[in-house]
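Residue numbers (the UniProt record's numbering), protein chains in the order written: chain A, 1 to 283; chain B, 1 to 283. Yeah, the Cβ is synthetic: ideal placement off N, Cα and C, and Gly gets one too.
Below, the structure written as structure tokens:
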């Protein structure tokens, strides 16, 4: 075991467990970054527990999902750790990175940028897929190999792409209102033009529909909830995910909820089912 | 019934019910003010439901309690409406009102100021005790007379003082880490000096311990949760509440929780018991 790279910024008792606000120097990002960890009561009592990584959407931080989703109480009940990374590097000092809500700061898309000036620090892909989960499993009481991922919106895209990209490492996956096929919508086109320098083929690693098209199947079921009154439906395109899963033979449980929008009021309404889904697959 | 004074700013489906972000012109405050309302599924289905007013603490807004407390899911389950007012008037234009976290904006203390320049708009006492609950019961499907109140920190003080001050109108009460005797601690002394122009006797209407000392008893049980690692214990003084309740013969269920601090991570850990307490008293 290497020296513990995490600095504890705040610790809060919650639901019998503990929330740790952490920072560490990321090798992938080349910057200090923040991450929040929830350890359930079972971990405090000495057990190693499964972990679910939770990925937030555009404009969010490492705090958003834990504060707004109501996930902690069910993670405590089922005995799951939660890991909530930030949504982009902070302080990369790229010109214009703070100008738009959907590019740069708060909009890392869980991909690795390949084009300058983004490529130096915008490496959230490798950070959330490899560096962060490895460090967490090395330095906290996590059951190695019992790892799931979930997310909302941009984070839902991240969760699906991460789990489809490496189904052995990520045993369970779920998403709220994910961007199902970023390469085909405006948000993703902006990413293509900037982070990928116009090279659209980068999306084959990250676009959930393209991953399914290329035969990347997850042995578990993709649990996806989607509000029918979501104001971003034309960029989320759950219909494309449904088609791609069907064509690929991927098990998908897509639930549409009448009257629900894109907010965390929607996420919290169905969060218990997601934690239960992960618990069933990981425990 | 008078014309509906509320403007609907946002509406979100949540846990089978609806969150309404509202604004209205308050007669007491002499200003427009914001208030959030949760209507549970039972109300949407046509029933009149009991209501619990939720009061937040220093620096908070009408959004804080609903976002951070996890209360909505249990209000939905038990069939309770929630009403979350702001913590002070906004835009009163009193010199210095934005300078300190514990006086002025975000720090209305649920009292009526009696001293200029505060007295014109800083009337959160009459607003939360009378104007707001009356308007809500007139314009939404609330069971009149089935009204409870709960709060956190400054809002816990507000909840206890409101219920002790008019036990007939407020049938149930609970608090998280309340300021138990504001007149005896620094926060309250600042209020005395400003809102009350130095006239300490104003606290007899608002200080939970003084209310108990003067024989104001609530027929229900005061449910109070307090973290033992709360960083503000010396200003909250649960020990004074315990003494005053004992001397007055007031039923008090004060629970101390080892390791918990003052944050909403603490509040969310015990919120279900509070909603259950209100449901049992109001349904």
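Non-local beta-carbon contacts of residue 30(A) in its own chain, meaning distances under 7 Å to residues more than five positions away in sequence, involve 120 and 121 in chain order. Contact annotation: in the region 148-170 of chain A, no residue has its CB less than 7 Å from a CB in chain B.
Residue 257(B) and residue 174(B) have their alpha carbons spaced roughly 16 Å apart. Distance check between residue 132(A) and each of 280(A), 24(A) and 264(A) places 24(A) closest, using alpha-carbon atoms only.
What residue 79(A) touches in chain B, judged by beta-carbon distance under 9 Å, is nothing: the nearest beta carbon there is about 16 Å away. Membership of residue 67(B) in the alpha helix (DSSP H) is indicated by the continuous run 64-68. At a cut-off of 9 Å between beta-carbon atoms, residue 255(A) makes no contact with chain B. Residue 40(B) and residue 96(B) do not touch by the CB rule: their CB atoms are close to 41 Å apart, not below 8 Å. Around residue 266(B), the beta-carbon contacts reaching into chain A at under 9 Å are 12, 13 and 14. Distance between residue 103(B) and residue 69(A), taken at the CA atoms: about 31 Å. Scanning its chain for C-beta atoms nearer than 8 Å, with the 5 sequence neighbours on each side dropped, one finds around residue 37(B) the residues 19, 20, 22, 81, 82, 83, 84, 136 and 140, in chain order. Collapsing the DSSP output to three states places residue 183(B) in a helix. Apart from the 5 residues on each side of it in sequence, residue 219(B) sits with its Cβ closer than 8 Å to the Cβ of 167 in its chain, given in chain order. Approximately 6 Å separates the beta-carbon atoms of residue 281(A) and residue 171(A); this is inside 8 Å, confirming the contact. Those residues of the region 61-86 of chain B placed with their C-beta closer than 8 Å to a C-beta in chain A are 67, 68, 70, 72 and 73, ordered along the chain. Here residue 100(B) is near residue 107(B), since their CB atoms are less than 9 Å apart.
Within chain A, the residues placing a beta-carbon under 8 Å from that of residue 261(B) are 12 and 13, ordered along the chain.
Counting only the Cα atoms, residue 279(A) lies some 9 Å from residue 148(A). Taking a C-beta distance under 9 Å as the contact criterion, residue 176(B) and residue 250(B) do not qualify as a contact pair. Note that the C-beta distance between residue 261(A) and residue 242(A) is not below 9 Å. In this structure, the straight-line span from the alpha carbon of residue 7(B) to that of residue 127(B) is close to 18 Å.
A residue is called buried when at least 16 other Cβ atoms come within 10 angstroms of its Cβ; residue 50(B) meets this threshold and is buried. The alpha-carbon of residue 47(B) is positioned some 13 Å away from that of residue 76(B). Neighbours of residue 174(B) in chain A, taken as residues whose beta carbon is under 8 Å from its own, are absent, since the nearest beta carbon is some 18 Å off.
One thing to note: residue 158(A) has its Cβ no nearer than 9 Å to the Cβ of residue 65(A).
Taking a beta-carbon distance threshold of 9 Å, residue 19(A) counts as an interface residue toward chain B. The continuous alpha helix (DSSP H) containing residue 233(B) extends over residues 233-236. A direct Cα-Cα distance of roughly 46 Å separates residue 259(A) from residue 211(B). DSSP, reduced to helix, strand and coil, places residue 15(A) outside both helices and strands of the structure shown, so it counts as coil. Sorting 116(B), 270(B), 74(B) and 263(B) by C-alpha distance to the C-alpha of residue 255(B) places 270(B) at the top.
With a cutoff of 9 Å on beta-carbon distance, residue 196(B) and residue 115(B) are scored as near each other. For secondary structure counted as the alpha helix (DSSP H) over 4 or more consecutive residues, the region 101-173 of chain B holds these complete runs in sequence order: 132-139 and 154-165. Judged by DSSP in its simplified three-state form, residue 193(A) adopts helix. Taking a 10 Å sphere around the C-beta of residue 73(A), we find 16 or more other C-beta atoms and assign the residue as buried. In chain B, no part has a C-beta under 9 Å from the C-beta of residue 194(A); the shortest such distance is about 31 Å. With a cutoff of 9 Å on beta-carbon distance, residue 221(A) and residue 214(A) are scored as not near each other.
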